[in-house]
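In our numbering, the protein residues as written are 6 to 116.
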């Protein structure tokens with residue numbers, strides 16, 4: 006199940022649907038993922054934290070200062086990492102960067 010928290014109601018609704026689409030594309034729809042669109046002081050676009058005890062649970066944080074399009078790309082990037090963890094693969098930034106725009110575009114086309 007995906008839960009999304011965002012102060013901006015448009016982000017909450019549209020990014021929520023994008024998260025569902027991306028999780029379906031990545032075949033991680035069975036996971037419990039909490040997505041928080043929030044201020045990230047480091048300036049990062051996003052980051053994720055996967056539960057070390059339950060790899061089917063993850064928290065994803067997306068920087069609220071990004072444009073909508075960049076939020077979607079950051080969301081795709083972080084959900085790729087969630088997929089890597091869920092499949093017991095090592096975290097690979099190159100794979101996430103290579104595929105984030107492709108996954109984001111596929112998710113947009115499902116709307």
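Glycine included, each C-beta is placed from N, C-alpha and C at the ideal position.
Quantities reported herein were computed from a predicted structural model and do not represent experimental measurements.
Residue pairing by DSSP places residue 116 in no beta bridge whatsoever.
For residue 45, the secondary structure class from DSSP, reduced to helix, strand or coil, is coil.
In the DSSP assignment, residue 68 falls within the unbroken beta strand (DSSP E) covering 62–68. The criterion of a C-beta distance shorter than 8 angstroms is not satisfied by residue 64 and residue 75. Counting along the chain, residue 9 sits inside the beta strand (DSSP E) bounded by residues 7–11.
Inter-residue distance for residue 24 and residue 84 is about 8 angstroms (C-alpha atoms, whole angstroms). Assigned with DSSP and collapsed to three states, residue 27 falls in helix.
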